[in-house]
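Residue numbers 93 to 419, in my numbering, belong to the letters of the sequence shown in order.
Just so it is clear, CB atoms sit at the ideal spot from N, CA and C, and this is done for glycine as well.
Note sheet for the following structure.
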Amino acid sequence: MSFEDDLRITLRDRASETMPPADLLTETIQGVRRDQRRRRWLATGVAVVTAAAVLAVPLVIRNGDGSSSGVPAAPGPSLPDMSGLGPWEPMPVFDLRPGYVPEGVGPTTLEMMGPNQVLRYEKDTQMLAAEFGPLEPEWEVEATAESSTTIGDRPAIVHTADDYDGAAPGYRYVGVRWKTGEDKWVQVTSLGPYSEEEVLRFARELGSEPGVVPPALPTFTFAEHIAGMAPQYVSPTMVCQVPQEMSGKQQQPEGLCVYVLEEEFEPRPHGERLIIGGKQACLNVDAGIFDIDLDGGRTLRIEWDQRTIPLGRERILRFAAGITYRG
Numbered sequence: 093m094s095f096e097d098d099l100r101i102t103l104r105d106r107a108s109e110t111m112p113p114a115d116l117l118t119e120t121i122q123g124v125r126r127d128q129r130r131r132r133w134l135a136t137g138v139a140v141v142t143a144a145a146v147l148a149v150p151l152v153i154r155n156g157d158g159s160s161s162g163v164p165a166a167p168g169p170s171l172p173d174m175s176g177l178g179p180w181e182p183m184p185v186f187d188l189r190p191g192y193v194p195e196g197v198g199p200t201t202l203e204m205m206g207p208n209q210v211l212r213y214e215k216d217t218q219m220l221a222a223e224f225g226p227l228e229p230e231w232e233v234e235a236t237a238e239s240s241t242t243i244g245d246r247p248a249i250v251h252t253a254d255d256y257d258g259a260a261p262g263y264r265y266v267g268v269r270w271k272t273g274e275d276k277w278v279q280v281t282s283l284g285p286y287s288e289e290e291v292l293r294f295a296r297e298l299g300s301e302p303g304v305v306p307p308a309l310p311t312f313t314f315a316e317h318i319a320g321m322a323p324q325y326v327s328p329t330m331v332c333q334v335p336q337e338m339s340g341k342q343q344q345p346e347g348l349c350v351y352v353l354e355e356e357f358e359p360r361p362h363g364e365r366l367i368i369g370g371k372q373a374c375l376n377v378d379a380g381i382f383d384i385d386l387d388g389g390r391t392l393r394i395e396w397d398q399r400t401i402p403l404g405r406e407r408i409l410r411f412a413a414g415i416t417y418r419g
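Printed below as a string of structure tokens:
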């Protein structure tokens, strides 16, 4: 079951509720972990949706061919203050550039999980990843064996298992965790055909090359930052922001999140039906959910908790109108 499946099932179970519980996204964290070895880079097109808005003028959708169409925004109070920082392109980096990578790994993706950085190589159901930051990572799989080693001059723990949920024949789990001299955690996780020796070499050569792992073209970009918000979670399939006082406290996605569901657009009960640039949309401010039909069996979802991030109709419309999605 994918992360999107976990989200869809949870959200459908709560569809009749006016206000979702505060731990709605928390309930899908196990799905996030399971999906780490199954996630796919959504790169089948460019600029599926591009939107822009200006104070006191209609919302505008720019289509893939550059044409645009608009509908008047409903009257209401003036749009909220924005941070004035200009466009935001969430592009995580990874500070420990590896000197060795096993043969046959998949494409590189970079993620931000709270204050932690994640480097991930995925192909089919195999995954090799490294996580680095001040928060202790979680083990991906329950180990059947544990041993100790050293990474540089630092003691490290090694977890292994000859089988795990979803493992293909010949695949095994290897996890290595240690703490740097700067008091930051590093964890390497392998789910695939790689031997313990290959995984340990990858771990030992993290940071041996100068520079950082360069960022890739972001899947989501935003016209403006909302004042007082900070990035919390960034991956090819999801971007979340939280109030600055909540920033850096956990790895899981929370706050104001934007992601794409691999499912048909389905208006929620009690939602406000909108047509934006010829695309169907449904906004439920009280529930903190704004869905936009991307066509092709996909839905762009904006989700937030009104109790911690109280956003009015005009503010969320302005935010949504500034999103560019490439996927």
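The Cβ-Cβ distance between Y351 and L386 does not fall below 9 Å. DSSP links D387 through a beta bridge to R390. According to DSSP, M183 shares a beta bridge with no other residue.
Look at A315 here: in three-state DSSP terms it is coil, with no helix or strand label.
Put simply, the backbone Cα of A379 is about 33 Å away from that of A308. When C-beta atoms of the region 260-273 are compared with those of the region 288-295, three or more pairs fall below 8 Å, so the two segments count as touching. The beta carbons of I401 and G347 sit about 6 Å from each other, so the pair counts as a contact at 8 Å.
The continuous stretches of beta strand (DSSP E) do not include V197, and DSSP gives it neither H nor E. The criterion of a C-beta distance shorter than 9 Å is not satisfied by E238 and P229.
Counting only runs of at least 3 residues, the region 219-266 fully encloses the following beta strand (DSSP E) elements, listed from N- to C-terminal order: 237-243 and 246-253. For V334, the uninterrupted beta strand (DSSP E) segment begins and ends at M330 to P335. Collapsing the DSSP output to three states places V377 in coil. Here V326 has P182, P184, E203 and M204 as same chain residues with Cβ atoms under 7 Å from its own Cβ, once five neighbours each way along the sequence are excluded.
A contact between stretches requires three or more CB pairs, one per stretch, nearer than 8 Å, and the region 209-222 meets this requirement with the region 283-293.
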